[in-house]
Amino acid sequence: MRRSAMWKGMNLLRVLSVLFFMSAANSFGALTISNIKVTDLTDKRVIISWTTDIQADGRVHYGTDQNNLSLVRSDIRSGGSYYNHYVEITGLNPDTTYYYCVESNSVRSPRYSFHTPQETTVGLSYSIGGHVFDRNGEPAEGGIVYLTLKNWSDVVPVTSLIGWELSGGGTWQQRSDTSQWNTDLQPIVRGDIRDSGATVLNTRIQNYDVANGDQIDLFVRGPTPEDGTYSDVITATGSPQTVGDISLPVFYSSIIVSPSSDGVILRWSVASHVDNLGWYIYRKGEGESDFEQITDKMILDDPLRDDYAWIDRSHLRPGRYFYVIESVDIAGNRVKTDPIPVIVLARKLRTELLQNYPNPCNPETWIPF
2 MRRSAMWKGM
12 NLLRVLSVLF
22 FMSAANSFGA
32 LTISNIKVTD
42 LTDKRVIISW
52 TTDIQADGRV
62 HYGTDQNNLS
72 LVRSDIRSGG
82 SYYNHYVEIT
92 GLNPDTTYYY
102 CVESNSVRSP
112 RYSFHTPQET
122 TVGLSYSIGG
132 HVFDRNGEPA
142 EGGIVYLTLK
152 NWSDVVPVTS
162 LIGWELSGGG
172 TWQQRSDTSQ
182 WNTDLQPIVR
192 GDIRDSGATV
202 LNTRIQNYDV
212 ANGDQIDLFV
222 RGPTPEDGTY
232 SDVITATGSP
242 QTVGDISLPV
252 FYSSIIVSPS
262 SDGVILRWSV
272 ASHVDNLGWY
282 IYRKGEGESD
292 FEQITDKMIL
302 DDPLRDDYAW
312 IDRSHLRPGR
322 YFYVIESVDI
332 AGNRVKTDPI
342 PVIVLARKLR
352 TELLQNYPNP
362 CNPETWIPF
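Take 2 as the starting number for the sequence shown in our numbering and just add one per residue.
Below, the structure written as structure tokens:
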């Protein structure tokens, strides 16, 4: 009985040890922080967003002393673990430099900074919004919409966290329609943008009324890595403006391009293809400037298939080539993959001795090869 009890105790200890290490790995294991952005910057407010490669918590440490980031703000969703992180900081002082770092699952980013513009009263407004759906056609709650007015190259973007909104009392709440987003392009803040958007200095407010015909860069980051991203350029039509429904594009689980005796074979697998019509293939050789569409007809999407293949039977010279796969959805939106390189080698010639003709009894014979 003692031996049995001892073994049970040891087994329990092993189980607890395994659970402890599993918990420690999930909480403090390798995590990558990327896409840190300073957006929605005004004289008293800023949004700081970033992504992690695993679901994690999120907070920002900040202050006016780069050696003392004693102030902390958490994700506006008050806890939880996400891929996209969205922190609002209010109560800032105008014309002041702040230093900050972001933290997820106890992993901290390097230190960055932003400078609030001088206090300025701007009575302009340009409201814009719409709806975004994920790769399965469901509301893309937790995705982030980024908008940048293209009139100047140094405009600080504005954003919206899909499915969330500020109430009249200044608190964040979930929308009843979790596919909906909305933001205001005003005020327009320009500045010295560095570190891919993580640092914004020398800021100033641009007194400009967004006009019909102005071009706006729109970028959507889906709520999970599998949802991918979407980008477009839209035209201002007047406030309030509603952007057409956005469906996040086809997500590829794998793409393989390889040479063969028949040509170059492209194989791709999709994890989702809601509302997708099909694909076109483009190719260019190394040193060529433009891609050429090499599929005469669209490769049609089949909702019952996830794996596709197409062979480029062109007689290509030896060299390095690049291929692009373009998906087209029912709304006519086109999304291209990044160029995929492949090296085509010279084909091996096969020498074969065939039957002599007409027959060995003749004084002359012809041997084809």
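We put the beta carbon where it would ideally sit given N, CA and C, even for glycine.
Residue i burial status per 10 Å Cβ neighbour count (16 or more: buried)
i: residue 22; result: Summary for residue 22: the model assigns pLDDT 33, below 50, so the residue's position carries little reliability, and this model does not support an answer.
i: residue 26; result: Residue confidence for residue 26 is low, a pLDDT of 34 falling below 50, so the modelled location carries little weight and cannot support an answer.
i: residue 15; result: Note that residue 15 has pLDDT 39, beneath the 50 cutoff, so the model's placement of it is unreliable and the number below is only indicative. Classification for residue 15: exposed.
i: residue 119; result: exposed
i: residue 191; result: buried
i: residue 2; result: The pLDDT assigned to residue 2 is 40, lower than 50, so where the model puts this residue is not dependable; a value taken from the coordinates is nonetheless given after this. Exposed, because fewer than 16 other Cβ atoms sit within 10 Å of the Cβ of residue 2.
i: residue 38; result: buried
i: residue 194; result: buried
i: residue 133; result: buried
i: residue 88; result: buried
i: residue 300; result: buried
i: residue 145; result: buried
i: residue 161; result: buried
Whether residue i touches residue j by CB criterion (8 Å)
i: residue 189; j: residue 163; result: no
i: residue 179; j: residue 116; result: no
i: residue 228; j: residue 248; result: no
i: residue 100; j: residue 112; result: yes
i: residue 286; j: residue 264; result: no
i: residue 273; j: residue 251; result: yes
i: residue 1; j: residue 185; result: No answer is possible for residue 1: it lies beyond the span of the chain, which begins at 2 and ends at 370.
i: residue 326; j: residue 313; result: no
i: residue 218; j: residue 149; result: yes
i: residue 305; j: residue 345; result: no
i: residue 152; j: residue 215; result: yes
i: residue 34; j: residue 63; result: no
Terminal residues of the beta strand (DSSP E) in which residue i lies
i: residue 113; result: 113-116
i: residue 268; result: 264-273
i: residue 278; result: 277-286
i: residue 104; result: 98-105
i: residue 35; result: 34-40
i: residue 232; result: 230-236
i: residue 206; result: 200-207
i: residue 292; result: Here residue 292 belongs to no beta strand (DSSP E), and DSSP marks it neither H nor E.
Whole-angstrom C-beta distance between residue j and residue i, which should lie under 8 Å
i: residue 103; j: residue 51; result: 5 Å
i: residue 211; j: residue 127; result: 4 Å
i: residue 175; j: residue 130; result: No, residue 175 and residue 130 are not in contact; Cβ-Cβ is about 16 Å, not under 8 Å.
Take every Cβ of the segment 79-92, pair it with every Cβ of the segment 255-268, and state whether three or more of those distances are shorter than 8 Å. no
For the segment 237-244 against the segment 287-300, are there 3 or more C-beta pairs whose distance is under 8 Å? no
Count the C-beta pairs between the segment 221-235 and the segment 60-71 that are closer than 8 Å, then say yes if the count reaches three, no if not. A contact between stretches requires three or more CB pairs, one per stretch, nearer than 8 Å, and the segment 221-235 fails this requirement with the segment 60-71.
Whether or not the segment 92-107 and the segment 28-44 are in contact is what I'm after, with contact meaning three or more pairs of Cβ atoms, one per stretch, closer than 8 Å; do they touch? yes
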